[in-house]
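Since the structure comes first, as structure tokens, the remarks are kept for the end.
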Amino acid sequence: MLTEEQRRRLEDARKVLRDRGASAGDLRKHLALVCSVLAEMALCDMRVLRAVLAERKRQDQQWGDDQHHDNVVWLAILMEEVGEVAEAVLEEHNARNCGLDVLADDHLDDVEKELIQVAAVAVQWLERSFFEEDE
392 MLTEEQRRRL EDARKVLRDR GASAGDLRKH LALVCSVLAE MALCDMRVLR
442 AVLAERKRQD QQWGDDQHHD NVVWLAILME EVGEVAEAVL EEHNARNCGL
492 DVLADDHLDD VEKELIQVAA VAVQWLERSF FEEDE
């Protein structure tokens with residue numbers, strides 16, 4: 392259940408997100424606000440959201456923040472990242488089955504890193520889709 396304060400914050404964010412003249416900084420600020428309200432509602436752990444947002448920032452620094460691909464390219468990018476999750480999961484599984492728990496724990500860390508990258512790519516794809524709808 393949303394509190395009155397959460398309702399007000401979400402409504403403020405919705406208005407800014409619908410404003411075609413809003414700056415990218417305003418949009419990011421209000422997107423972060425929406426994420427914080429969701430975390431408060433216990434729909435998601437804030438640490439996860441922070442990790443995904445940090446990865447999004449890293450991706451923008453590496454590839455630029457103007458990635459305009461069609462859905463086929465976005466799907467290929469996402470599936471490449473999902474493949475890296477599968478590889479890390481298999482390496483963790485194989486290490487644990489061989490009794491190499493220390494190595495398995497390292498691979499488990501890799502699984503988390505790869506899942507964060509998958510989430511960040513999915514978020515970027517959605518962002519581009521939403522922004523293109525607004526244009």
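In the working numbering, the protein residues as written are 392 to 526.
Heads up, the beta-carbon is just placed ideally off N, CA and C, and yes, glycines get one too.
- In this structure, DSSP gives Q458 a state outside helix and strand, which the three-state scheme calls coil.
- For V509 against E472, the beta-carbon gap comes to about 5 Å, under 8 Å, which counts as contact.
- In this structure, DSSP gives D501 a helical state, which the three-state scheme calls helix.
- Here the segment 454-467 does not lie against the segment 495-505, with fewer than 3 beta-carbon pairs under 8 Å apart.
- With respect to the 8 Å criterion, R398 and H459 are not classified as neighbours on the basis of their beta carbons.
- If you ignore the 5 residues before and after V480, its C-beta comes within less than 7 Å of the C-beta of V502, all in its own chain and listed in chain order.
- CA-to-CA, the gap between M470 and W516 works out to about 12 Å.
- If you check the CB distance, I468 and V514 do not come in under 8 Å.
- Rounded to the nearest whole angstrom, the CA to CA distance from D500 to N488 is 17 Å.
- Secondary structure of G474 (DSSP, three-state): helix.
- Shown here, L491 sits in coil according to DSSP, grouped into three states, outside any helix or strand.
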